[in-house]
Structure formats: C-alpha cells, structure tokens
Ligand SMILES: Cc1ncc(COP(=O)(O)O)c(C=O)c1O
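Residue numbers (our numbering): 1341 to 1757.
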C-alpha cells in the first residue's frame, strides 16, 4: 500500500495537513526535511503565521487601555484567544487562564506567588524522578529558601511512576505535589487525575506540568483536577513566547501578585497599590499580544483536526516507529512498550554511539531529532545514561518519515563501524 493512501485511512489526512506547513517543503543538506523534534517545539501552520502577519499589518496596538479602534480590535482578539484556550482545556472560566511566556514561567509564577506564601521551614514537596528541569529547579529554589524538603516518586524499570507507595509519601507537612502529565524524555503518560486525587484527599495543593500533554491529547483540566496546570503555545503549533497557567480561581484570588507593574493594578498611590481582577492581576506589563492571538489560531487548527484524532494519529506513528526501531540490533529504548501508554516521544540509545553523533548523522539525512539530557538530568542518572537520542512526532509526521529515520540510523551504524 502506498504511504499516501495509508495515511488517508488513518486518523488524520496527513498529506493535506503537510501542505499547511511551509517549512516542511524545505531541504536540509539536499534532503527533504524530516522534522522529528516536536517535543522541543512544533512547526507552525500557515494559519498561525497569517494571524501574526494580520495583527502586525492591520490592527497592531496595545490592549486594554486604548480608546481607539485598533486598540479595541487588538483587545478583543487577545481576549478571544484566552476564551479559546479556556474552551480547549475545559477551564471553568477565562479568569483562571493566565497568559505567561511559557510553561517555565507558569511554574515559576506558582513557585513564587503561591509557594512563598504557603511553604515554610520543615514543609515537604513531592515531585517525580521524571521532572523536566522547569518543574524541578523552581521547587528546589523554593525549598532552599524556606528550609523545606523534596521527595521524589521513583520510576519503574518500564519508565512509569512507582505508585505502590504513593500514600506513604505524604506526611502532615506535605504542601505540594507536582508532576508531569506526559514525560518529555520517556513519553510516559502519567495517571495525573489519580495522583492528583490522592493529594487532594489530603488537602495537598497540586500542579501538573502539561507541556507535553496539551499538544497531543484531549486535556480537561477539571477532570485532571489539579489546582494548577501549565503549558506552552510553541509545542502545540503556536508561536514561541506564550504560555498558559490555568489556576483554580480560589487559589489565584488568594495569591499575591507575581510581577508588579502596569496592567496588574487597580489603584496605585504613593503609599501602595491594589490589584486588578483575575486574570490580569498576573499579567503585568504589555503582554505578548501578537503571539497570544496567533496561539488562538493554533487552537482553532487543532480543534478542527480534533484532539482525539491527533492522539490516534500519534499512537499509529509511534507504534510504527517502536516496531521499526526494535528491528535494529543494539537499540535500547526507554519508556513503556505499549504505545497507548505513551505520547509521541521515542527516546533511545544505539549501540555505543553517542546520542550527539547519532543526531549529527541523522541531520545529514535531513532528519531533525534531539540528543542529550532533554532538560531531565536527574532522570538520565536514574536511567544510567548521560543522554539519549529522541525522536518526537506530531500531526504532520508519516510512517515514510519513520523509514527515513531508520535508514539514517543504519547509516550511522555503518559510518562508525
Ligand atoms: C515536560 C516539559 N515541561 C516543561 C517544559 C518547558 O517548556 P518551556 O521551555 O516552553 O517553558 C518542557 C519543554 O521541553 C517540557 O517538555
């Protein structure tokens, strides 16, 4: 069966989708680009690029305080993007959707505004061994400053979380539990709602790092149940420079501001200030207007595809990749075997080749992957490696591209033989 026909029969019409992504037409070292670094950042469809250009060409203006037409149009488009985000993740209201720069800033916002007010000496924080540095370093900084400590949920040899002793990890001093919804290094999909539920029953505040979940599967923040949920636009077809912090309204209301300045205030005197309503209380200064609006266009695009279809497509491509990579001698793959239990991320090591060498040879074949520790150095230590090669898939990737990856790996082995 020809590739094109096979993809049309799948969950997505991949050949039609590919036409929306101008960058996929380019060549690298004379070879067609095979972009498999989607966990780092996704490519952008024409619709998102057009939304950016339209804003700058036709209604560029600052928002919220303008009394002219352009300012009103920009404000409406920016707030409409927030409504799209709220609908996409099933947030109960737009007030609990805060625009930040990225997942990292969303988590730091919580660590500073909520953490400094609620975590003290002797308190405990629970994280996992598969944290991205973004959901680890902010809590280490907080713990060091306050004299708190961190406990880590361990990983199993299969690359899932060891939950057998979860209840034993809590103590009366546990203040926060944070975890990744999907691991960027292992691909593991964690049972976030179940783990959050355990924490909630004990009155522990929860944060889920959704950076690798919202791009790839339907996410309902109310069903997950976490107090905070963080993610980035740039990994889900949108521009860089915009992230989201979803927060439970009551907590956001109680929290002091993160950054001070314009927009986040209601009234300022020489003696002090009072704060704006949510969500603007946490959006100090001129926000990233253009990119937030274009993020709204990315959400439109994903909704038109249907997140269930996005998920099914990724399972298909990932299952195919796992099967094909397994045929190579000397390959070690990390994370669950079952594609239903993982996102579209495949981390591996190949013989005794250094992941960077693997990445460099693949690059010469036009294949872009990532090599290194993937901002999860402690996890790499648990795996007993300094790094891995990582191929990560998205809506425009095909089985044919997986074949190019496999050919490139065979070439890498021959090169270093
Ligand atoms: C699981 C996870 N968390 C957090 C981040 C950080 O995202 P950003 O760099 O957009 O802040 C990433 C990015 O790779 C990630 O994969």
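We put the beta carbon where it would ideally sit given N, CA and C, even for glycine.
| heavy atom of ligand 1 below 7 Å from residue 1574 C-beta | As a first step, residue 1574 is located in the chain shown; it is residue number 234 there, counting from the start. Taking the Cβ of residue 1574 as the reference point, at least one heavy atom of ligand 1 falls within a distance shorter than 7 Å.
| I think residue 1653 touches residue 1351, with their Cβ atoms under 8 Å apart; what is that distance to the nearest whole Å? | For the purposes of this step, residue 1653 is taken as the residue at position 313 of the chain shown. For the purposes of this step, residue 1351 is taken as the residue at position 11 of the chain shown. Between residue 1351 and residue 1653 the Cβ distance is about 4 Å, and since that is below 8 Å, they are a contact.
| query | Could you give the residue range of the beta strand (DSSP E) that holds residue 1583? | reply | Numbered from 1 along the chain shown, position 243 holds the residue referred to as residue 1583. According to the DSSP assignment, residue 1583 belongs to the beta strand (DSSP E) that extends over 1583 to 1587.
| said: I need the DSSP call for residue 1712, collapsed to helix, strand or coil. | reply: Locating residue 1712 in the chain shown gives position 372, counting from the first residue. Reduced to three states, the DSSP call for residue 1712 is strand.
| message | Among the candidates 1417, 1598, 1674, whose CA atom is the shortest distance from the CA of residue 1449? | response | Translated into the one-based positions of the chain shown, residue 1449 becomes position 109. It is 1598 whose Cα lies nearest to the Cα of residue 1449.
| request: Using only the heavy atoms of ligand 1, determine whether one of them is closer than 7 Å to the beta carbon of residue 1597. | output: Locating residue 1597 in the chain shown gives position 257, counting from the first residue. Result no, Cβ not under 7 Å from ligand 1.
| query | For residue 1366, does the three-state DSSP call read helix, strand or coil? | reply | For the purposes of this step, residue 1366 is taken as the residue at position 26 of the chain shown. Here residue 1366 sits in coil by DSSP.
| task | Quick one: measure Cβ to Cβ for residue 1509 and residue 1447, integer angstroms, because I've assumed they're closer than 8 Å. | result | Locating residue 1509 in the chain shown gives position 169, counting from the first residue. Locating residue 1447 in the chain shown gives position 107, counting from the first residue. About 20 Å; that fails the 8 Å criterion.
| Would residue 1560 be called buried (16 or more neighbouring beta carbons within 10 Å of its own) or exposed? | The sequence position of residue 1560 within the chain shown is 220, counting from 1. Looking at its Cβ environment, which holds fewer than 16 other Cβ atoms inside 10 Å, residue 1560 is exposed.
| query | Buried or exposed: which applies to residue 1738, given that a residue is buried once 16 or more other Cβ atoms fall within 10 Å of its Cβ? | reply | Taking the first residue of the chain shown as 1, we reach residue 1738 at position 398. Classification of residue 1738: buried, given that the 10 Å Cβ count is 16 or more.
| request: Taking all protein chains shown into account, decide if residue 1667 is buried (16 or more other Cβ within 10 angstroms of its Cβ) or exposed. | output: Position 327 of the chain shown, counted from the first residue, corresponds to residue 1667. Exposed, by the Cβ-count rule.
| query | Starting from residue 1615 and walking both ways along the beta strand (DSSP E), at which residues does that stretch end? | reply | Along the chain shown, read from residue 1 onward, the residue named residue 1615 stands at position 275. Note, residue 1615: beta strand (DSSP E), 1613 to 1615.
| Terminal residues of the continuous alpha helix (DSSP H) containing residue 1516? | In the chain shown, the residue the question calls residue 1516 occupies position 176. Run containing residue 1516: none in the alpha helix (DSSP H); it sits in the beta strand (DSSP E), 1514 to 1520.
| request: Please find out if some non-hydrogen atom of ligand 1 comes closer than 7 Å to the beta-carbon of residue 1715. | output: Counting from 1 along the chain shown, the entry for residue 1715 is found at position 375. Yes, Cβ of residue 1715 sits closer than 7 Å to a heavy atom of ligand 1.
| message | For a test of your reading of the model: does the CB of residue 1443 fall under 7 Å from any non-hydrogen atom of ligand 1? Yes or no. | response | Start at 1 with the first residue of the chain shown, and residue 1443 comes out as number 103. At least one heavy atom of ligand 1 is nearer than 7 Å to the Cβ of residue 1443, so yes.
| Where do the ends of the alpha helix (DSSP H) carrying residue 1700 lie? | Along the chain shown, read from residue 1 onward, the residue named residue 1700 stands at position 360. Residues 1695 to 1704.
| field | Rounded C-alpha distance that separates residue 1500 from residue 1719 | value | Translated into the one-based positions of the chain shown, residue 1500 becomes position 160. Translated into the one-based positions of the chain shown, residue 1719 becomes position 379. Using only the alpha carbons, I get a separation of about 12 Å.
| Host beta strand (DSSP E) of residue 1689 (start-end) | If you number the chain shown from 1, residue 1689 lands on position 349. Run containing residue 1689: 1685 to 1690, per the beta strand (DSSP E) assignment.
| request: Compare the Cα-Cα distances from residue 1503 to each of 1542, 1586, 1530 and report the closest residue. | output: The residue labelled residue 1503 in the question sits at position 163 within the chain shown. Ranking the options by Cα distance to residue 1503, first place goes to 1530.
| said: For residue 1730, report the span of its beta strand (DSSP E) as first-last. | reply: Taking the chain shown and counting its residues from 1, the one referred to as residue 1730 is at position 390. It spans 1728 to 1732 - the beta strand (DSSP E) in which residue 1730 sits, taken as one unbroken run.
| DSSP three-state assignment for residue 1624, whether helix, strand or coil | Numbered from its first residue, the chain shown carries residue 1624 at position 284. In the displayed model, residue 1624 falls within coil according to three-state DSSP, outside both helix and strand.
| message | Assuming contact is defined by CB atoms lying nearer than 8 Å, are residue 1695 and residue 1729 in contact in what I supplied? | response | Here residue 1695 refers to the residue found at position 355 of the chain shown. Here residue 1729 refers to the residue found at position 389 of the chain shown. Yes, they are a contact pair.
| message | What does the Cβ neighbour count give for residue 1575, buried or exposed, with the cut at 16 atoms within 10 Å? | response | Against the chain shown, residue 1575 aligns to sequence position 235. Buried, since its Cβ has 16 or more Cβ neighbours within 10 Å.
| said: Is residue 1560 close to ligand 1? I mean its beta-carbon at under 7 Å from any heavy atom of the ligand. | reply: As a working note, residue 1560 is residue 220 in the chain shown. Look at residue 1560: its beta carbon is at least 7 Å from all of the heavy atoms in ligand 1.
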